[in-house]
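Here is the structure we will look at.
In our numbering, the protein residues as written are 1 to 432.
Dropping the structure here:
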């Protein structure tokens with residue numbers, strides 16, 4: 001049998017139209033290096049450089065700071081981030097996904113270029129693409145900041161010269177009112193009437209999550225990870241200590257107090273006996289689907305044919321996850337809100353109209369109307385936290401808001417708890 005060549009092949013990556021070469025790393029793993037547009041002179045030159053750097057063992061030795069490409073920097077950084085951005089139990093944090101989304105903005109045009117040539121003007125061009133895509137100013141600043149952090153890490157590992165990162169720092173963030181980036185409105189408490197109208201269009205698990213967050217002020221990322229093992233149910237008021245929370249890396253402890261209303265929601269799930277493992281998520285899309293199927297079978301009026309008694313696949317490729325995420329939770333609420341408040345008839349999808357044509361028509365003819373509709377009827381889970389803080393502040397003042405929401409300072413609590421305008425007006429009427 002002929003010996004396989006140690007020189008990797010120059011190949012076409014069909015989804016992106018780029019040239020790609022796969023090389024073996026010192027640890028035995030393989031990594032792809034994207035070279036630019038397939039069959040372009042630049043990609044051929046980059047391929048020749050990589051092949052020329054392959055050592056005797058078949059892998060690329062650490063590139064010097066003069067020739068390392070942005071693709072190589074990103075690959076090294078993501079490997080570092082996969083180990084660094086992890087919770088205490090080893091699961092990845094949300095910051096890893098945020099880095100991947102941020103770095104994806106520079107890869108299509110600059111991935112194959114030399115990192116030393118990437119300066120403030122190139123980063124500004126990437127940022128202009130984010131503005132053109134309609135991203136908000138705050139999101140753009142955060143993602144550009146993550147790109148700078150990657151270059152800072154690369155400079156600390158001597159993958160690039162420190163001057164490259166120093167030059168990128170010269171690009172200031174976008175200022176409010178001084179750029180074309182979209183500005184977002186401050187997060188306000190959700191109208192309880194909107195929540196009540198949305199609840200019937202949510203499944204039992206999602207409905208319970210909304211109600212529990214509404215009565216405790218949890219963050220969306222906390223309500224999706226409720227485990228019975230993490231709840232102290234001995235006292236009159238229960239204490240929930242989430243395994244992961246936003247400020248865990250600072251060493252602070254997060255304690256969420258659950259009163260009678262929240263306890264009733266959890267007790268409903270305990271009484272059914274479906275949650276056998278206390279370390280399993282209390283709210284689970286996988287169990288929600290099983291419950292839905294059980295209800296459908298129980299309500300079936302016709303006899304099941306023997307050939308259809310068990311049509312489940314033994315090892316399905318796609319199946320619901322064991323736990324919700326903050327993103328899937330927010331998406332479910334958005335879909336339920338659209339069911340509760342359908343789009344007006346001129347904006348609704350027409351019979352036979354494709355989804356792409358419908359979205360294009362909304363964008364071209366009804367953009368202002370859709371924006372207004374979203375502003376009135378759309379809401380997201382974090383607004384429940386603001387609603388809880390506002391209610392507590394109106395009845396008990398700002399100090400308990402700080403503890404219940406887990407804030408380090410009362411100044412942060414003021415952002416989440418709206419001031420009681422009615423009380424201020426009554427005081428002004430009496431005093432003034």
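Glycine is no exception: its CB is placed at the ideal position from the N, C-alpha and C atoms. Note that the coordinates shown come from a computational prediction; the quantities given were computed from them, not determined experimentally.
Rounded Cβ spacing between residue i and residue j (contact assumed at less than 8 Å)
i           : j           : result
residue 81  : residue 43  : 27 Å between Cβ atoms; not a contact.
residue 326 : residue 221 : 5 Å
residue 73  : residue 150 : 7 Å
residue 161 : residue 116 : 6 Å
residue 120 : residue 167 : 6 Å
residue 10  : residue 70  : Wrong, their Cβ atoms sit about 19 Å apart, outside the cutoff.
residue 219 : residue 86  : The pair is not a contact, with the Cβ atoms about 19 Å apart (cut-off 8 Å).
residue 154 : residue 240 : With a Cβ gap of about 40 Å, residue 154 and residue 240 do not count as contacting.
residue 188 : residue 383 : 7 Å
residue 262 : residue 212 : 5 Å
In DSSP terms, what residue i is bridged to
i           : result
residue 91  : In DSSP, residue 91 forms no bridge with anything.
residue 19  : 12 and 36
residue 433 : The question about residue 433 has no answer, for the chain in this structure spans 1 to 432.
residue 227 : 281
residue 258 : 238
residue 136 : 182
residue 31  : 23
residue 69  : 114
residue 86  : 92
Straight-line Cα distance separating residue j from residue i
i           : j           : result
residue 7   : residue 40  : 20 Å
residue 204 : residue 288 : 7 Å
residue 253 : residue 208 : 25 Å
residue 316 : residue 106 : 36 Å
residue 398 : residue 257 : 17 Å
residue 367 : residue 215 : 35 Å
residue 30  : residue 21  : 10 Å
residue 92  : residue 321 : 16 Å
residue 138 : residue 329 : 22 Å
residue 392 : residue 405 : 10 Å
residue 400 : residue 267 : 26 Å
residue 200 : residue 337 : 10 Å
residue 46  : residue 32  : 13 Å
residue 99  : residue 236 : 42 Å
residue 217 : residue 191 : 15 Å
residue 245 : residue 389 : 18 Å
residue 56  : residue 79  : Its pLDDT being 48, under 50, residue 56 is placed unreliably in this model, and the value from its coordinates should be taken loosely. Using only the alpha carbons, I get a separation of about 24 Å.
residue 156 : residue 358 : 49 Å
residue 15  : residue 340 : 38 Å
residue 365 : residue 355 : 15 Å
residue 128 : residue 83  : 31 Å
residue 295 : residue 374 : 34 Å
residue 97  : residue 314 : 31 Å
residue 223 : residue 94  : 15 Å
residue 169 : residue 132 : 22 Å
residue 270 : residue 290 : 17 Å
residue 360 : residue 353 : 11 Å
residue 441 : residue 174 : There is no way to answer for residue 441, as the model of the chain reaches only from 1 to 432.
residue 124 : residue 143 : 12 Å
residue 225 : residue 344 : 36 Å
residue 238 : residue 265 : 13 Å
Classification of residue i by the beta-carbon crowding that lies within 10 angstroms, buried from 16 upward
i           : result
residue 331 : exposed
residue 114 : buried
residue 300 : exposed
residue 112 : buried
residue 395 : exposed
residue 319 : exposed
residue 172 : exposed
residue 303 : exposed
residue 36  : buried
residue 88  : exposed
residue 34  : buried
residue 158 : exposed
residue 126 : buried
residue 118 : buried
residue 285 : buried
Chain C contact for residue i (CB, 7 Å cutoff)
i           : result
residue 270 : Here chain C cannot be found, since the structure has a single protein chain.
- When the Cβ atoms of the stretch 216–229 are set against those of the stretch 275–293, are three or more pairs found closer than 8 Å? yes
- Touch check for the stretch 375–382 and the stretch 194–213: three-plus C-beta pairs under 8 Å? yes
- Message: Check whether the stretch 177–186 and the stretch 338–348 are in contact - that is, three or more C-beta pairs closer than 8 Å.
- Response: no
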